[in-house]
Amino acid sequence: MSVDSKPVVPGEKVGVIEEFSPSGLTYEKDGEIRSLVLGEAMYDKANRIISVKSVGLKSKIPKVGDIIEGVVEAITYSGPVVRIYSVNGREVSNDLSGSMRTRDIIGNPVRLGDVVRCVVTENINNTLWLAMNSQELGVLHTLCTICGANVTPLPPDKVKCTKCGFVDSRKMVGFKPFFSKKHFINKLDHEERNRRFKFNSARKYR
Amino acid sequence: MTELIDKNNLRVDGRKLDELRPIKMQVGILKNADGSAYIEWGKNKIIAGVYGPKECHPKHMALPDRALLKCRYHMAPFSVDERKSPQPSRREIELSKIIREALSPAILLEEFPRTAIEIYIEVLQSDGGSRVASITAASAALADAGIPMKDLVVGCAVGKIDGKIVADLSDIEDKEGEVDLPVACMPNLNSVTLLQSDGPLSKEEFKKAFKLALDKCRYVYDIQRKALLEGYLAKTKEA
Numbered sequence: 001m002s003v004d005s006k007p008v009v010p011g012e013k014v015g016v017i018e019e020f021s022p023s024g025l026t027y028e029k030d031g032e033i034r035s036l037v038l039g040e041a042m043y044d045k046a047n048r049i050i051s052v053k054s055v056g057l058k059s060k061i062p063k064v065g066d067i068i069e070g071v072v073e074a075i076t077y078s079g080p081v082v083r084i085y086s087v088n089g090r091e092v093s094n095d096l097s098g099s100m101r102t103r104d105i106i107g108n109p110v111r112l113g114d115v116v117r118c119v120v121t122e123n124i125n126n127t128l129w130l131a132m133n134s135q136e137l138g139v140l141h142t143l144c145t146i147c148g149a150n151v152t153p154l155p156p157d158k159v160k161c162t163k164c165g166f167v168d169s170r171k172m173v174g175f176k177p178f179f180s181k182k183h184f185i186n187k188l189d190h191e192e193r194n195r196r197f198k199f200n201s202a203r204k205y206r
Numbered sequence: 207m208t209e210l211i212d213k214n215n216l217r218v219d220g221r222k223l224d225e226l227r228p229i230k231m232q233v234g235i236l237k238n239a240d241g242s243a244y245i246e247w248g249k250n251k252i253i254a255g256v257y258g259p260k261e262c263h264p265k266h267m268a269l270p271d272r273a274l275l276k277c278r279y280h281m282a283p284f285s286v287d288e289r290k291s292p293q294p295s296r297r298e299i300e301l302s303k304i305i306r307e308a309l310s311p312a313i314l315l316e317e318f319p320r321t322a323i324e325i326y327i328e329v330l331q332s333d334g335g336s337r338v339a340s341i342t343a344a345s346a347a348l349a350d351a352g353i354p355m356k357d358l359v360v361g362c363a364v365g366k367i368d369g370k371i372v373a374d375l376s377d378i379e380d381k382e383g384e385v386d387l388p389v390a391c392m393p394n395l396n397s398v399t400l401l402q403s404d405g406p407l408s409k410e411e412f413k414k415a416f417k418l419a420l421d422k423c424r425y426v427y428d429i430q431r432k433a434l435l436e437g438y439l440a441k442t443k444e445a
């Protein structure tokens, strides 16, 4: 496969539609393919495709599945609000925030000021929804809510203050999620439901 | 009144009628901004910084279908002969608006709904034609920030002094001349994004001035493109 490249600026003509198909970060106007960004135009001569490779936005908006780190900025009725400081380990400066839905959490997994690691579950028109539903996600750093001293984790869902001994609930990184899919019965899964019903009935009338 | 054009058809600073002042451009000069550019256009010294796309504040200003483009053109107190108050003047607010409107057709704002893209332009030294220099620098800063754009935007002012059409008016020519006609365009798409005029021109004069402006925009575009590619190569070398 032969791929040639050349640096281009936005709006620069990179090819014509008779020769190539426009792909990533290019657009077509009046039969001409132009670049959308400052970057390197890549000519895939085997597949006849042109794309532009950019250095990328410094201010990156997270996609679904991205891991973000941030600080809990507020706890509202609809859930905790997290101010995002890094996306996939890369620092961002674009002042974005995301929310965790109350329906996705049980108890008080986070408190105000906690440093958390979450996954982006939904991006609805750049409104980000977050979750901490796996073992590697959760609170990275927290302090005692009573005296502000350091805490030690008490698995599965608690932390204990090293100074005053106050025990509080948290979903720390490394803790298993408080609940997962297996705790719910899929309403559409009739077979499983019937099987369970039969099993329970049999046990009842044994 | 000062004589702006002498008998040899040379202007007060010794330029020919269609000659631009020397232009120097550099991109990626600020570490903390997402994109930045610096331009020296004659005695004009302008710096532009871009942030975004970022969360829109105040949130009620966010647009559901596209990004909000915010622009601030500001002149430093030491940028003019007499100290200028640092608070935004009527002229600065107006120029912020026209620069925003000159740049917005080029940016793919629909790609980033509910966010904001912020452009900050600081004029460190002013000498006429600072709006077109600001547009040129801001457009380069946007490209440096990696924001998708249909084309770069470049500007150049033309005007009429002593009854003759000239390119790139300096401060004295702007003040004492008859007409100033700033033009900004997207040279690859043949689209004009800014056209202003502060005096009367006949149909023929306008045609001649407009053609000259577009020619000079093309010249400025080459300088802007060269600066962007140099900045890009330096960035890739670092990475």
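Those sequence lines, one after another, are chains A and B. By our numbering, the letter at position 105 of the first sequence is numbered 105, and the numbering carries on one by one without gaps. By our numbering, the letter at position 155 of the second sequence is numbered 361, and the numbering carries on one by one without gaps. Ideal Cβ placement from N, Cα and C applies to all residues, glycine included.
Inter-residue CB distance, residue i and residue j (contact presumed, cutoff 8 Å)
i               : j               : result
V372 of chain B : G361 of chain B : V372 of chain B to G361 of chain B, Cβ: 16 Å. No contact.
Y279 of chain B : I305 of chain B : 6 Å
L375 of chain B : I313 of chain B : No, L375 of chain B and I313 of chain B are not in contact; Cβ-Cβ is about 28 Å, not under 8 Å.
I68 of chain A  : G98 of chain A  : 7 Å
Q198 of chain B : L387 of chain B : Lying outside 207 to 445, the shown extent of chain B, residue 198 of chain B is not represented and no answer is given.
Chain A contact for residue i (CB, 8 Å cutoff)
i               : result
Y438 of chain B : yes
R217 of chain B : no
M392 of chain B : yes
M355 of chain B : yes
A349 of chain B : yes
A308 of chain B : no
E316 of chain B : no
P264 of chain B : no
D212 of chain B : no
D240 of chain B : yes
E298 of chain B : no
G352 of chain B : yes
P270 of chain B : yes
P228 of chain B : no
P259 of chain B : yes
R424 of chain B : no
CA nearest to the CA of residue i, picked from the options
i               : options                           : result
P393 of chain B : B:E384, B:T442, B:R424 and B:D377 : B:R424
G437 of chain B : B:L236, B:G248, B:K222 and B:I211 : B:L236
A454 of chain B : A:V55, A:G11, A:E28 and A:I33     : In this structure chain B extends from 207 to 445, so residue 454 of chain B is not present and cannot be described.
M281 of chain B : B:D240, B:G220, B:R337 and B:N396 : B:R337
G248 of chain B : B:G220, B:P270 and B:L269         : B:G220
V120 of chain A : A:S134, A:G107 and A:D44          : A:S134
L315 of chain B : B:G352, B:I299 and B:E298         : B:G352
V115 of chain A : A:Y43, A:K53, A:W129 and A:P80    : A:P80
D30 of chain A  : A:R195, A:M42 and A:G15           : A:G15
I61 of chain A  : A:D95, A:S23 and A:V82            : A:D95
L154 of chain A : A:I146, A:D168 and A:C147         : A:D168
Q430 of chain B : B:C262, B:A349, B:L210 and B:I367 : B:A349
E379 of chain B : B:G335, B:T342, B:A344 and B:A347 : B:G335
C-alpha gap between residue i and residue j, whole angstroms
i               : j               : result
P259 of chain B : D4 of chain A   : 31 Å
A433 of chain B : Q232 of chain B : 6 Å
K6 of chain A   : C144 of chain A : 56 Å
M355 of chain B : P311 of chain B : 9 Å
D66 of chain A  : N88 of chain A  : 6 Å
E406 of chain B : E384 of chain B : This sequence places Pro at residue 406 of chain B; Glu is not what is there. For P406 of chain B and E384 of chain B, the distance between alpha carbons rounds to 8 Å.
L420 of chain B : G11 of chain A  : 17 Å
D224 of chain B : N47 of chain A  : 47 Å
M42 of chain A  : V64 of chain A  : 27 Å
D271 of chain B : K265 of chain B : 14 Å
M1 of chain A   : L435 of chain B : Bear in mind that the predicted position of M1 of chain A carries a pLDDT of just 49, short of 50, making it unreliable; the figure below should be weighed with that in mind. Their Cα atoms are separated by approximately 27 Å.
K414 of chain B : K222 of chain B : 16 Å
S285 of chain B : R90 of chain A  : 38 Å
Q331 of chain B : R227 of chain B : 15 Å
Continuous alpha helix (DSSP H) stretch holding residue i: start and end
i               : result
L434 of chain B : K409 to E444
T142 of chain A : T142 of chain A -> no alpha helix (DSSP H), and no H or E assigned at all.
K381 of chain B : D377 to E382
A308 of chain B : R296 to L309
Chain B within 8 Å of residue i, Cβ atoms only
i               : result
N88 of chain A  : no
I17 of chain A  : no
K63 of chain A  : no
N123 of chain A : no
D66 of chain A  : no
V115 of chain A : no
T26 of chain A  : no
S97 of chain A  : yes
M1 of chain A   : Low confidence applies here, because M1 of chain A scores a pLDDT of 49, under 50, leaving its location unreliable; read the following figure in that light. No, M1 of chain A lies away from the interface with chain B (no Cβ there is under 8 Å from its Cβ).
P10 of chain A  : yes
S54 of chain A  : yes
P7 of chain A   : yes
V37 of chain A  : yes
Limits of the beta strand (DSSP E) - the one that residue i falls within
i               : result
A351 of chain B : Counting along the chain, A351 of chain B falls outside any beta strand (DSSP E), and DSSP gives it neither H nor E.
R83 of chain A  : G79 to V87
L128 of chain A : T127 to A131
L216 of chain B : No beta strand (DSSP E) holds L216 of chain B; DSSP gives it neither H nor E.
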